[in-house]
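K.L.:
Attaching a single structure in structure tokens format; questions to follow.
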Amino acid sequence: MAARRREAAHGIPLVRADLTRSDAQAVRQQLATAPFQDEAVLARWEAAWETLWHRAAVAFADPVGLILALKSVLGWRAGEQVGLDPLLDPAWREALATAWLYPAWRDVDPHSGQGRGAFVPDGAAGGPVRAGLCQHPFGLPGQPTGEGVPFWLEDISSVLSPRPGCGWGDVQVVYLSGNRLVAAGGSALLLTRDEAFGDALRRVRRPPGPLACALGLSQLRSLASRLARRQELAERYRQLRGRGWFQWPVAREEGRVWEMFLLTMASEVELSALQQFLQVSQIHAASPIWFRPANPLAGPGHFSGWQQFQARMLALPLYASLTDPEQKRIINRVQRWVGYREKKTPPGG
Numbered sequence: 349m350a351a352r353r354r355e356a357a358h359g360i361p362l363v364r365a366d367l368t369r370s371d372a373q374a375v376r377q378q379l380a381t382a383p384f385q386d387e388a389v390l391a392r393w394e395a396a397w398e399t400l401w402h403r404a405a406v407a408f409a410d411p412v413g414l415i416l417a418l419k420s421v422l423g424w425r426a427g428e429q430v431g432l433d434p435l436l437d438p439a440w441r442e443a444l445a446t447a448w449l450y451p452a453w454r455d456v457d458p459h460s461g462q463g464r465g466a467f468v469p470d471g472a473a474g475g476p477v478r479a480g481l482c483q484h485p486f487g488l489p490g491q492p493t494g495e496g497v498p499f500w501l502e503d504i505s506s507v508l509s510p511r512p513g514c515g516w517g518d519v520q521v522v523y524l525s526g527n528r529l530v531a532a533g534g535s536a537l538l539l540t541r542d543e544a545f546g547d548a549l550r551r552v553r554r555p556p557g558p559l560a561c562a563l564g565l566s567q568l569r570s571l572a573s574r575l576a577r578r579q580e581l582a583e584r585y586r587q588l589r590g591r592g593w594f595q596w597p598v599a600r601e602e603g604r605v606w607e608m609f610l611l612t613m614a615s616e617v618e619l620s621a622l623q624q625f626l627q628v629s630q631i632h633a634a635s636p637i638w639f640r641p642a643n644p645l646a647g648p649g650h651f652s653g654w655q656q657f658q659a660r661m662l663a664l665p666l667y668a669s670l671t672d673p674e675q676k677r678i679i680n681r682v683q684r685w686v687g688y689r690e691k692k693t694p695p696g697g
């Protein structure tokens, strides 16, 4: 009984920020020296990305500033459309709204979450789609699909470094919020092969503050070790025996980054059953999508891929600070649930 009480008191969250003591020290040091303005740390922050990608890097205070700068330099007019993938962080959708640009939506592949098909206008927008903003969902590299899109923005927030299947966009954009692989105060970043284009964006941008840059630089230094830890944890999860109740992500994709680990459940009923079973032990598992996309995605009969993805995908805790005992506890509970279900009814029954 005492052991059960201790287990219940020690919950395992679905998401935990990958922040280190070195990150805290970097922020404290920057706070003590130049907390409000520091051109040198901004230059180092952009240079770190330029070294990583061999492209010009332009840092912004937030996604709103990035979209406003693109609108200004590219000559987009208020009311024009930009295509979005449904699983993109809502910060991009909010940035478009602030810039008076309309989103156009498309469906997703129900297994990977990658965008597919043509963009469908949302709201009162008219005319062609001026650009498409798509992502590598949950660290899964891949090529874009979609005809007639003249300018692609490639969200690399889930992959971060060059790898096969990445780098094809006209520009690459990154959102650096607290629960992403690299945190930098909710700031954003754009990469481009065109130095002149980068200079034009700098002239109209609002840069991130020194504390965000200092935190980001510290996070980049530990990125390789944190990704290696996530890879180790994911490989252990891949030893789970689903026995028809769930399937796990394939690892055949070269360059996969394990931002999340998703189980594809046999049905929505089984997803709810496993989620509730884990919750009893204070293990938090949930849909990987914590927001509701805007219409028309929610309309009945529309975007079947999105609806299947939402109904069948269950995320397990996966972050660098997840300890071996914590993961062992998660794995043991999942396998116990499979054993219980086998005794009651066949998968999907």
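Residues in the sequence shown are numbered from 349 upward in steps of one, following this note's numbering.
Ideal placement from N, C-alpha and C gives every residue a C-beta, glycine not left out.
None of these values were measured; they are calculated from a predicted model.
Tell whether a beta-carbon distance below 8 Å holds between Gln385 and Pro558.
P.N.:
Yes, the Cβ-Cβ distance between Gln385 and Pro558 is below 8 Å.
K.L.:
Could you please give the first and the last residue of the uninterrupted beta strand (DSSP E) stretch that includes Cys514?
P.N.:
Segment: none, Cys514 is in no beta strand (DSSP E) and carries neither H nor E.
K.L.:
With DSSP run on the structure shown, which of helix, strand or coil describes Phe486?
P.N.:
Helix, per DSSP.
K.L.:
Could you name the residues that DSSP lists as bridge partners for Gly480?
P.N.:
Partner(s): Gly431, Trp500.
K.L.:
Which residues in the same chain have their Cβ closer than 7 Å to the Cβ of Pro673, if we skip the five residues on either side of it in sequence?
P.N.:
There are no such residues.
K.L.:
For Thr368, which three-state DSSP category applies?
P.N.:
In the structure shown, Thr368 sits in coil (DSSP, three-state: anything other than H, G, I, E or B).
K.L.:
Would you call Phe639 buried or exposed, if buried means 16 or more other Cβ atoms sit within 10 Å of its Cβ?
P.N.:
Flag for Phe639 reads exposed.
K.L.:
Between which residues of its own chain and Val497 is the CB-CB distance below 8 Å, once the five residues before and five after are set aside?
P.N.:
Around Val497: Gly431, Phe467, Val477, Ala479, Gly480.
K.L.:
Determine, using beta carbons only, whether Ser635 comes closer than 8 Å to chain C.
P.N.:
In the structure shown, chain C does not exist; there is a single protein chain.
K.L.:
Around the C-beta of Ala646, are 16 or more other C-beta atoms found within 10 angstroms, so that it is buried, or is it exposed?
P.N.:
Low confidence applies to Ala646: its pLDDT is 49, below 50, so where it sits in the model is not reliable enough to give any reading.
K.L.:
Expressed to the nearest angstrom, what Euclidean distance is found between the alpha-carbon atoms of Pro469 and Leu418?
P.N.:
One C-alpha to the other measures close to 20 Å.
K.L.:
Report the option in Trp393, Asp455, Ala404 whose CA atom is closest to the CA atom of Asp433.
P.N.:
It is Asp455 whose Cα lies nearest to the Cα of Asp433.
K.L.:
Is Tyr667 helix, strand or coil by DSSP?
P.N.:
DSSP places Tyr667 in coil when its eight states are reduced to three.
K.L.:
In angstroms with no decimal places, state the Cα-to-Cα distance between Ala572 and Ser566.
P.N.:
Each residue's Cα considered, the two are about 12 Å apart.
K.L.:
Measure the alpha-carbon distance for Gly359 versus Leu367 and round it to whole angstroms.
P.N.:
Whole-angstrom Cα-Cα distance: 19 Å.
K.L.:
Whole angstroms are fine: how far does the CA of Gly427 sit from the CA of Ala576?
P.N.:
Going from the Cα of Ala576 to the Cα of Gly427 covers about 44 Å.
K.L.:
When DSSP labels each residue in this structure, what does Val552 get in the three-state scheme?
P.N.:
In the structure shown, Val552 sits in a helix (DSSP, three-state: H, G or I).
K.L.:
With a threshold of 8 Å on Cβ separation, who are the neighbours of Glu442 within its own chain once the five nearest residues in sequence on each side are excluded?
P.N.:
Same-chain partners within the cutoff: Pro411, Val412.
K.L.:
Note the first and the last residue of the continuous beta strand (DSSP E) segment covering Asp672.
P.N.:
Not the beta strand (DSSP E): Asp672 falls in the alpha helix (DSSP H), residues 672 to 692.
K.L.:
Threshold first: 3 residues or longer. Then list the beta strand (DSSP E) segments lying entirely within the stretch 380 to 437, N to C.
P.N.:
As far as the stretch 380 to 437 is concerned, its whole beta strand (DSSP E) runs of at least 3 residues are 404 to 408, 429 to 432.
K.L.:
Can you tell me where the alpha helix (DSSP H) holding Pro558 begins and where it ends?
P.N.:
558 to 585 is the extent of the alpha helix (DSSP H) around Pro558.
K.L.:
Here's the rule: buried if 16 or more other CB atoms are within 10 angstroms of the residue's CB, otherwise exposed. What is Leu379?
P.N.:
Exposed, by the Cβ-count rule.
K.L.:
Is Asp455 helix, strand or coil when you go by DSSP?
P.N.:
Three-state result, Asp455: strand.
K.L.:
Return helix, strand or coil for Arg464, following the three-state DSSP convention.
P.N.:
Reduced to three states, the DSSP call for Arg464 is strand.
K.L.:
Less than 8 Å separating the beta-carbons of Leu538 and Gln683?
P.N.:
It is not a contact, given that the beta carbons lie outside the stated cut-off.
K.L.:
Who does Thr612 pair with in a DSSP beta bridge?
P.N.:
Gln595, Met661, per the DSSP bridge assignment.
K.L.:
For Tyr688, is the classification buried or exposed, using 16 other Cβ atoms within 10 angstroms of its Cβ as the cut-off for buried?
P.N.:
Burial call: exposed.
K.L.:
Do the stretch 627 to 637 and the stretch 541 to 550 make contact, defined as three or more Cβ pairs closer than 8 Å?
P.N.:
Output reads no: the stretch 541 to 550 does not touch the stretch 627 to 637.
K.L.:
Can you tell me which of Leu501, Tyr667, His632, Arg553 puts its alpha carbon nearest to the alpha carbon of Val530?
P.N.:
It is Tyr667.
K.L.:
DSSP on Val628, reduced to helix/strand/coil?
P.N.:
Three-state DSSP puts Val628 in a helix.
K.L.:
Exposed or buried, Ala405, counting other C-beta atoms within 10 Å across all chains shown (16 or more means buried)?
P.N.:
By the neighbour-count rule (16 or more Cβ atoms within 10 Å), Ala405 is buried.
K.L.:
Compute the Euclidean distance between the alpha carbons of Phe625 and Ala532, then round it to the nearest angstrom.
P.N.:
Straight-line Cα distance between these residues: approximately 35 Å.
K.L.:
For the beta strand (DSSP E) that Leu537 lies in, which residues bound it at each end?
P.N.:
That run of the beta strand (DSSP E) goes 535 to 540.
K.L.:
Using only CA atoms, which one of Ala562, Ser506, Gly490, Ser629 lies nearest to Thr381?
P.N.:
Nearest of Ala562, Ser506, Gly490, Ser629 to Thr381, Cα basis: Ala562.
K.L.:
Look at Leu435 and Pro489 and say whether their C-beta atoms are less than 8 Å apart.
P.N.:
Taking 8 Å as the Cβ cut-off, Leu435 and Pro489 do not qualify as a contacting pair.
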